[in-house]
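A.B. asks: The structure that follows is given in the form of structure tokens.
In the numbering used here, the protein residues as written are 567 to 1075.
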């Protein structure tokens, strides 16, 4: 299926943009006073620093809902069991299916967004999410709960891929770590206030009001996406100066100026299996597996907390929700600091190699630039801290120590895993800047599938060998994955060069 695109479309190596009449006049005037043969430098993005920040914040808030919808549910599981007369296993199945659909759906949405643009996918998927929230608030049976939770995951999970994709569209490599750190804060805030708000709402008003609150909150976000959020896909709008998927205001301005937009080119039908095909790349496979294991570990902690707190300390749903707060606060702090650290490391290394100014102009990362070391060089430290804290977490509940100790440990666990998550997400966009939504979907796919598997193992594992030994075994497994990261740091540049060589050969053919 072919769809005409804006004349400003760019290839992987050349960016063509529309320049306004006033800008052309200024350029001509400048050229006359200097060198008539000098070609004006085209900015990587026409958005100002403030506009970029607003876009990043908007998509980060959109990304907030996937984690928020998942975490707001946990404190209410016991109430749902009693109200619908179902078992704990049946409720856990709704959590598992949510995770599976949350993992698989972005593979389609990410590929679609890399073809037709970000705006249409945001608008459609969040409309689906809004409708599913209303349906969940009205459901009275288990079948409706299960099906609508899956549909809710389909709607909310698109932002997981689109958020990183949008940031990749507008961010220079030197800005990428910080902006992805901000986007991670969106999902972390969802993890922070989700359990607390879910516990308070379900305790005071009943579990169905959880979904009414979600519908009320997401409605204005959807309107912002419809009326304000601009299209950023570089193959459609270049550095933002092109015209495609316009907002109502952009459409009105274009009609008023009677601008004639000639469109050309062909957009391929989205390939939902593209997220799987990148797994054949050695460096990508290592990164995704390592990151997914860490994600599974933190989800073992999160999903186990409600039952362990209720059984060992007799807390109600509101109190359980409050116990999730330190976990979320640590995630926010860790996401922000790790993003700033990633930008600082990139700036420091690129200045030492004399390439900082070039990268500030939007050039692609050179094959000899040690981007793997810059993004992932220190994550093994946080990984070791995470594994040690996980062992302590399990034995704290085993011996029913003072409640403050496991709560502090969840703070450490959440903060330590943030560096791994942000480093991996940023490096993946660095490796695939032209398919950032798709590669982010691949990351989400592996994380959620492994996370869903871990959720199924948590309760049976605790029941069979005890909470202390279960988390000790899980921690030792995570420790065993640490050495594979050294393969990425050592051979990653070689694999990156081989991939570029294959792509160049395809271009020649």
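Beta carbons: idealized from backbone N, C-alpha and C, even for Gly.
1) On the CB-based measure, 16 or more other CB atoms within 10 Å of its CB, does residue 793 come out buried or exposed?
2) I need the DSSP call for residue 847, collapsed to helix, strand or coil.
3) Just to confirm the assignment, what range does the alpha helix (DSSP H) spanning residue 967 have?
4) Measuring alpha carbon to alpha carbon, tell me which residue in 667, 674, 640 and 980 is nearest residue 1019.
5) Are the region 1047-1064 and the region 886-905 in contact at 8 Å, needing three or more beta carbon pairs?
6) Under a Cβ-count criterion, where at least 16 other Cβ atoms within 10 Å of its own Cβ denotes burial, should residue 791 be classed as buried or exposed?
7) For residue 908 versus residue 743, is the C-beta spacing smaller than 8 Å?
8) Does the region 855-870 touch the region 1016-1032, meaning 3 or more C-beta pairs lie closer than 8 Å?
9) Note the first and the last residue of the continuous alpha helix (DSSP H) segment covering residue 1002.
10) Residue 895 to residue 718, Cα distance in whole Å?
11) Compute the distance between the beta-carbons of residue 627 and residue 752, then report whether it is under 8 Å.
12) Count the other CB atoms, across all protein chains shown, that sit within 10 Å of the CB of residue 684; report buried if there are 16 or more and exposed otherwise.
13) By Cβ distance, which residues of its chain are closer than 7 Å to residue 586, with the 5 residues on each side in sequence left out?
14) Thinking just about the alpha-carbon of each residue, which of 609, 910, 848 and 1028 is nearest to the one in residue 1064?
15) For a quick check, are the C-beta atoms of residue 964 and residue 1034 less than 8 Å apart?
16) On a CA-only basis, which of 933, 1044, 814 and 871 is nearest residue 637? Give me that one, please.
17) Quick check: the Cα distance between residue 1031 and residue 972, rounded to an integer number of angstroms?
18) Assuming residue 776 contacts residue 639 (C-beta within less than 8 Å), just tell me the rounded distance between them.
19) Compare the C-alpha of residue 1105 against each of 944, 619 and 875 and name the closest.
20) Since residue 998 is in the alpha helix (DSSP H), which residue starts that stretch and which ends it?
21) Could you give the residue range of the alpha helix (DSSP H) that holds residue 646?
22) Mind checking residue 819: buried by the 16 CB within 10 Å criterion, or exposed?
23) State the Cα-Cα distance for the pair residue 763 and residue 679, rounded to the nearest angstrom.
C.D. replies: Let me spell this out:
1) Within the chain shown, the letter at position 227 stands for residue 793. Counting Cβ neighbours within 10 Å, residue 793 comes out exposed, since fewer than 16 surround it.
2) The count along the chain shown starts at 1 and reaches residue 847 at position 281. If DSSP states are grouped into helix, strand and coil, residue 847 belongs with coil.
3) Here residue 967 refers to the residue found at position 401 when the chain shown is read from its first residue. From DSSP, residue 967 is part of no alpha helix (DSSP H); its letter is neither H nor E.
4) Walking along the chain shown from the start, residue 1019 turns up at place 453. It is 667.
5) In this structure the region 1047-1064 does not lie against the region 886-905, because fewer than three pairs of beta carbons, one per stretch, are closer than 8 Å.
6) Position 225 of the chain shown, counted from the first residue, corresponds to residue 791. When all chains shown are included, residue 791 counts as buried.
7) Along the chain shown, one-based indexing puts residue 908 at 342. Along the chain shown, one-based indexing puts residue 743 at 177. Taking 8 Å as the Cβ cut-off, residue 908 and residue 743 qualify as a contacting pair.
8) With the cut-off at 8 Å, the region 1016-1032 and the region 855-870 touch.
9) Working through the chain shown from its first residue, we reach residue 1002 at position 436. Judged by DSSP secondary structure, residue 1002 falls within the alpha helix (DSSP H) whose first and last residues are 1002-1031.
10) Stepping through the chain shown from its first residue, residue 895 is reached at position 329. Stepping through the chain shown from its first residue, residue 718 is reached at position 152. Taking the straight line joining both Cα atoms gives about 25 Å.
11) The residue labelled residue 627 in the question sits at position 61 within the chain shown. The residue labelled residue 752 in the question sits at position 186 within the chain shown. Cβ distance < 8 Å, so residue 627 and residue 752 count as in contact.
12) Sequence index remark: in the chain shown, residue 684 carries index 118 (1-based). It counts as buried.
13) What you label residue 586 is simply residue 20 of the chain shown in a count that begins at 1. Residue confidence is low: residue 586 scores 36 on pLDDT, short of 50, so the model does not pin down where it sits. Its coordinate-derived value is still stated next. For residue 586, where only same-chain residues beyond five positions count, there are no Cβ hits under 7 Å.
14) To locate residue 1064, count along the chain shown from 1; it is residue 498. Per the Cα distances, 848.
15) As a first step, residue 964 must be located in the chain shown, where it is residue number 398. As a first step, residue 1034 must be located in the chain shown, where it is residue number 468. Yes, the pair counts as a contact, with Cβ atoms nearer than the cut-off.
16) Reading the chain shown from its first residue, position 71 is the one you call residue 637. For the residues 933, 1044, 814 and 871, the minimum Cα distance to residue 637 belongs to 871.
17) Translated into positions along the chain shown, residue 1031 becomes position 465. Translated into positions along the chain shown, residue 972 becomes position 406. When rounded, the distance between both Cα atoms is 19 Å.
18) By 1-based counting over the chain shown, the position of residue 776 is 210. By 1-based counting over the chain shown, the position of residue 639 is 73. At roughly 7 Å, the Cβ-Cβ gap stays under 8 Å, so residue 776 and residue 639 are in contact.
19) Only positions 567 to 1075 of the chain appear in the structure, and residue 1105 is not among them; the question remains open.
20) In the chain shown, the residue the question calls residue 998 occupies position 432. Per DSSP, residue 998 belongs to no alpha helix (DSSP H) and is neither H nor E.
21) Counting from one through the chain shown, the residue named residue 646 turns up at place 80. 643-650 is the extent of the alpha helix (DSSP H) around residue 646.
22) Indexing the chain shown from 1 puts residue 819 at position 253. Taking a 10 Å sphere around the C-beta of residue 819, we find fewer than 16 other C-beta atoms and assign the residue as exposed.
23) Taking the first residue of the chain shown as 1, we reach residue 763 at position 197. Taking the first residue of the chain shown as 1, we reach residue 679 at position 113. Straight-line Cα distance between these residues: approximately 32 Å.
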